[in-house]
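The next block holds one structure in the form of structure tokens; read it before the comments.
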Amino acid sequence: MATTTHILGFPRIGEKRELKFALEGYWRGELDLPQLAATGASIRQENWTLQADNQLRFVTAGDFAWYDHVLNMSLLLGHVPQRHRDGDIDMDTLFNIARGQSRQECSCHDGNAASEMTKWFNTNYHYIVPEFSADDTFKVSWSQLFDEVDEAIQQGHQVKPVLLGPLSYLYLGKSVTAEFDRLSLLPQLVIAYQTIVDKLAAQGVAWIQIDEPILALELEPVWLDAFQTAYTQLQRKNKQGSPKLLLTTYFDSITDVLERVTALPVDGLHIDVVSAPQQLDQVSEKLPADWVLSVGVINGRNVWRADLAALLKQLQPLKAQLGERLWIASSCSLLHSPVDLSLETDLSEAMQSWFAFARQKVTELGLLGAALDGDTQAIEACRKYSLPIEQRRASQQVNKPHVRQRVEAINESLATRSLPYQQRAIYQQEALQLPFLPTTTIGSFPQTGEIRKLRRDFRQGHLSESDYKTVLKAHIHEAVERQEALGLDVLVHGEAERNDMVEYFAENLSGFQTTRFGWVQSYGSRCVKPAIIVADIEREKPITVEWSQYAQSLTSKQMKGMLTGPVTILCWTFPREDIPRKTMSQQLALALRDEVADLQSAGIDIIQIDEPAIREGLPLKKRDHQTYLDWAVQSFRIAASSAVPQTQIHTHMCYSEFNEIIESVAALDADVITIETSRSNMELLDAFEAFNYPNEIGPGVYDIHSPNIPSQAWMVELLKKASQAIPAERLWVNPDCGLKTRGWPETEAALRNMVAAAKTLRAHWKAQVIV
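Heads up: the sequence shown begins at 34 in the working numbering, then just goes up one per residue.
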């Protein structure tokens with residue numbers, strides 16, 4: 034039998050973000066539900082046809098989601114937050130959980146808040162966090178998975194459904210009931226999973242991919258013990274016709290728990306040998322004799338062409354050992370890859386030969402599988418396919434000696450501000466003259482259709498650079514006027530010139546390659562277009578100075594310069610695979626250090642260096658955390674340390690659990706940190722209170738990812754709660770993230786309430802009655 038090839042999942046956004054535009058049309062009332070459903074069906078059919086055409090044994094179903102695959106699992110289990118339980122589960126339920134409900138939609142005082150979002154392990158994908166309480170029940174209630182399995186079968190495909198496993202589902206959620214152990218829900222949760230498996234069996238499914246990515250973490254013993262209990266209950270080997278289970282892990286090694294994993298009553302195991310190649314030998318040696326081993330060799334998280342010749346040589350002995358029990362696959366879901374490289378017609382032929390997007394990765398799998406089966410044409414094709422990889426390694430344009438020399442010269446003094454925070458704060462108070470509870474925003478303002486068209490016309494050559502800059506300055510002028518009218522204290526220029534907070538810098542730094550259609554889902558309809566690091570990085574000229582200097586000339590208030598930090602640029606791009614991440618981060622830090630110095634010289638006294646990705650960059654194993662945090666913190670400090678004491682350095686982080694990295698957050702030595710706290714109801718401040726964080730903090734007082742407009746009273750209460758954790762004299766007032774995705778009417782309404790909330794508390798402060 035031919036080698037089994039499969040993927041763990043495929044991007045669901047469509048080649049040109051068709052799902053994004055359909056979703057947003059539906060939310061605006063421009064598309065009805067059947068039209069939205071038709072878009073989803075078209076994307077799924079195209080994805081399945083691609084897999085079948087490349088001779089993959091299975092097509093993967095259940096990887097499609099209207100918003101998020103974890104939220105899909107919640108609906109499948111009938112597990113809906115209490116505030117959103119209103120009749121049967123339907124598409125409105127899904128979007129209400131993901132986006133929240135306004136007062137008009139739910140007839141409640143401030144609307145029903147959306148569920149919390151957080152990062153999917155160490156990726157830039159956000160998932161909707163399940164909420165658990167002691168009285169939760171589970172009942173299979175959402176038919177999407179079963180409908181899509183039927184859909185694929187009717188199209189003639191052999192289907193492998195994918196489920197998020199019960200332990201990972203519980204672990205990745207949060208408890209909303211005090212003194213409550215989520216594992217107490219496991220027995221009844223597994224019963225619901227049994228129902229799902231039985232339904233899939235009735236549909237004729239032979240294999241189920243059951244994802245347990247938490248096995249790559251360092252789990253507490255009680256969670257590890259629960260695997261044996263849960264899977265013994267779930268797997269009924271003596272029941273004829275029951276589908277086989279492929280236990281799926283990814284993002285790191287599972288050798289720490291291999292003895293426990295191989296004792297589970299499942300039928301096969303998938304491992305990620307891209308993220309953790311060292312585990313292959315040990316896992317193959319300990320593999321039970323009746324299990325299949327799915328080896329994830331095609332990188333689902335990067336865009337570089339696979340070295341098929343090297344992979345073939347590596348896998349041939351394993352194929353000889355395991356025979357039909359060897360499956361080959363993507364390392365993880367291709368959700369984290371752009372869809373189709375062939376759309377990138379602006380790339381040179383040489384540059385195209387370096388990359389593979391999701392469609393091309395499916396082709397790589399098909400070719401590698403054929404070569405493993407001895408197809409001589411496929412073997413020769415693998416050899417030719419790998420030639421550009423060798424050519425790139427020797428390229429003089431990739432490795433730049435002068436950049437390497439600057440990195441090698443980094444020392445501790447280069448990463449240290451000239452004065453400690455306590456002394457800098459005195460200089461800054463005198464220089465900046467800011468009020469108590471200063472109000473600001475995170476940086477971006479609404480990116481209107483007019484602004485996007487302006488950038489598109491300029492990029493396509495329909496607009497001269499002079500005319501482009503003139504119109505952009507008009508948008509900046511408007512943003513400044515709106516902020517002054519709202520009464521904000523520290524202004525931003527609005528970032529009208531920026532397509533994306535990372536891509537913009539990638540376009541203006543040497544060493545990056547950008548794309549036209551390299552979109553990747555971040556959450557819901559939100560997509561990002563990561564650039565690719567293709568060579569050593571350097572700044573050849575100032576990037577943001579002209580825009581910030583112009584904006585400052587329009588106002589007597591302080592104007593923040595806006596930069597994206599080195600770790601975030603690294604995490605939110607596709608990195609090189611031939612040099613360490615630390616080296617790339619240091620190269621970026623040196624480039625940004627020069628930008629900080631130029632902004633400061635141009636009269637910008639407040640500079641924000643955003644690092645929202647610093648938490649997600651953590652390795653999954655805690656034992657590896659400190660090494661990463663040491664160079665990540667050093668990179669930020671290198672970027673910031675050209676600032677004089679009077680210059681106030683801000684940073685921004687969002688959707689991060691800070692408890693385990695709070696010392697490193699403090700070590701960044703930013704004068705002000707702004708963080709996401711609104712969805713968590715200020716819970717994230719607990720880490721800062723317990724640590725006694727010494728610098729200033731801006732806890733986000735409203736959730737910009739929801740269309741809801743928070744009331745002044747709501748934000749006052751949040752700030753009061755924040756003042757119980759952080760001394761009020763060190764608090765800033767701001768939204769929890771940038772406002773790029775929102776419209777001006779809701780933005781102004783929310784900010785007006787935010788400024789009013791700050792002014793209300795200032796009056797209380799003067800009367801010394803803050804409670």
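All residues carry an ideal CB built from backbone N, CA and C; glycine is no exception.
According to DSSP, is VAL766 part of a helix, a strand, or is it coil? strand
Considering only the alpha carbon of each residue, which of PHE179, GLY47, LEU110 and GLU729 lies closest to ALA458? GLU729
Nearest to GLN455 (by Cα), restricted to the options GLN681, ASP183, VAL92 and GLN757: GLN681
Which listed residue (LEU653, ASP663 and CYS604) has its alpha carbon closest to that of ASP643: CYS604
Helix, strand or coil for ARG559, going by three-state DSSP, please let me know. strand
Assign PRO434 to one of two classes, buried (16 or more other C-beta atoms within 10 Å of its C-beta) or exposed (fewer than that). exposed
Quick one: residues in its chain with C-beta nearer than 7 Å to the C-beta of LEU653, no 5 flanking neighbours on either side, listed in chain order? PHE154, ASN155, ALA249, LEU250, PHE284 and ASP285
Under 8 Å by Cβ, that's how I've got PHE171 and GLY111 pegged, so tell me the actual separation to the nearest angstrom. 6 Å
Taking 8 Å as the cut-off, decide whether the C-beta atoms of ILE576 and PHE545 are in contact. no
Determine the DSSP secondary structure at LEU380, reduced to helix, strand or coil. coil
With a threshold of 16 other CB atoms inside 10 Å of the CB of HIS495, please say whether the residue is buried or exposed. exposed
So, with DSSP's three-state summary, where would you put GLY731? strand
Those residues which DSSP pairs with SER674 across a bridge: In the DSSP output, where bridge partners are listed per residue, SER674 has none listed.
Pull up the CB-CB distance for LEU718 and THR707, whole angstroms please, since I reckon it's below 8 Å. Their Cβ separation, rounded to whole angstroms, is 12 Å, which puts LEU718 and THR707 out of contact at 8 Å.
So what's HIS683 in DSSP terms, helix, strand or just coil? strand
Can you tell me where the beta strand (DSSP E) holding GLU571 begins and where it ends? 565-571
Does the segment 182-198 touch the segment 85-98, meaning 3 or more C-beta pairs lie closer than 8 Å? yes
I need the straight-line Cα distance from SER327 to GLY301, nearest angstrom please. 7 Å
Three-state secondary structure (DSSP) at HIS510? helix
Counterpart residues of ILE243 in DSSP-defined beta bridges: LEU196 and LEU280
Kindly indicate the opening and closing residues of the alpha helix (DSSP H) around TRP360. TRP360 -> not in any alpha helix (DSSP H); beta strand (DSSP E) instead, spanning 359-363.
In chain order, what residues of the same chain have a beta carbon less than 7 Å from the beta carbon of LEU257, not counting five sequence neighbours either side? VAL290 and ARG293
What does the alpha-carbon distance come out to for the pair MET595 and SER381? 32 Å
If you compare alpha carbons, which of ASP86, PRO114, LYS655 and ASP638 is closest to ALA673? ASP638
If we cut at 8 Å on Cβ distances, does ILE612 have a partner in chain D? Of the chains in the structure shown, none is chain D; there is only one protein chain.
Does the segment 764-779 come close enough to the segment 473-481 to have 3 or more Cβ pairs within less than 8 Å? yes
For the putative contact between PRO199 and LEU219, defined by C-beta atoms under 8 Å, what is the C-beta separation to the nearest angstrom? 7 Å
Name the DSSP beta bridge partners of ALA74, please? Per DSSP, none; premise fails for ALA74.
Check LEU355 in the structure and name its three-state DSSP category. helix
For PRO44, count neighbouring C-beta atoms within 10 Å of its own C-beta (all shown protein chains included) and say buried if the count is 16 or more, exposed if not. buried
Using 8 Å as the threshold, is the C-beta distance between ASN532 and ARG572 below it? no
Classify GLY520 as helix, strand or coil using the three-state DSSP reduction. coil
Taking the beta strand (DSSP E) that GLY58 falls in, what are its first and last residues? Here GLY58 belongs to no beta strand (DSSP E); instead the alpha helix (DSSP H) covers 51-60.
Which same chain residues, not among the five before or five after GLU357, have their C-beta less than 7 Å away from its C-beta? MET34
Using the three-state DSSP reduction, which class does MET124 fall into: helix, strand or coil? helix
Where in the segment 249-331 do unbroken runs of the beta strand (DSSP E), each at least 3 residues long, occur, reported from the N-terminal end onward? 277-281, 301-305 and 325-331
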